[in-house]
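Chemist:
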Amino acid sequence: MNTDISGATASVTKEMANSPRRISRIAVTISVPGKFDDRQRTELEAAAHACPIHNALGIDAPIAILWTG
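Residues in the sequence shown are numbered from 12 upward in steps of one, following my numbering.
#1: Pull up the distance between the alpha-carbon of Arg81 and that of Asn66, whole angstroms please.
#2: Let me know the secondary structure DSSP gives Ala75 once reduced to three states.
#3: Helix, strand or coil, according to DSSP, for Thr14 in the structure here?
#4: To the nearest angstrom, how far is the alpha carbon of Ile70 from that of Ile34?
#5: Please identify the residue among Phe47, Ala28, Ser42 whose C-alpha is closest to the C-alpha of Asn13.
In structure tokens form, the structure reads like this:
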């Protein structure tokens, strides 16, 4: 994308459910400093939602992404 995301950070938390004990939700807070136009922000958000980690985890839990910055 040729977009500078220097200083970007992400924080990941999980919520657990009982019966059976499992991860019920993963929340990711992403902070990307800088100013981005609508196209850049849309592309960054699409890249975050297309991350293959969810499939690699092998769990049936939603991943909620919150953008800050």
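The C-beta atom is built at its ideal place from N, Cα and C for all residues, glycine as well. The structure presented is a predicted model; accordingly, all values stated were derived computationally and were not measured.
Modeler: According to the data block:
#1: Residue 81 lies beyond the stretch modelled for the chain, which goes from 12 to 80, so this question has no answer here.
#2: For the purposes of this step, residue 75 is identified with residue 64 of the sequence shown, where counting begins at 1. It is a strand residue.
#3: Within the sequence shown, residue 14 is the residue found at index 3, counting from 1. Thr14 falls in the coil class under three-state DSSP.
#4: Translated into the one-based positions of the sequence shown, residue 70 becomes position 59. Translated into the one-based positions of the sequence shown, residue 34 becomes position 23. The alpha-carbon atoms of Ile70 and Ile34 are separated by roughly 8 Å.
#5: Counting from one through the sequence shown, the residue named residue 13 turns up at place 2. Of the listed residues, the one whose Cα sits closest to Asn13 is Phe47.
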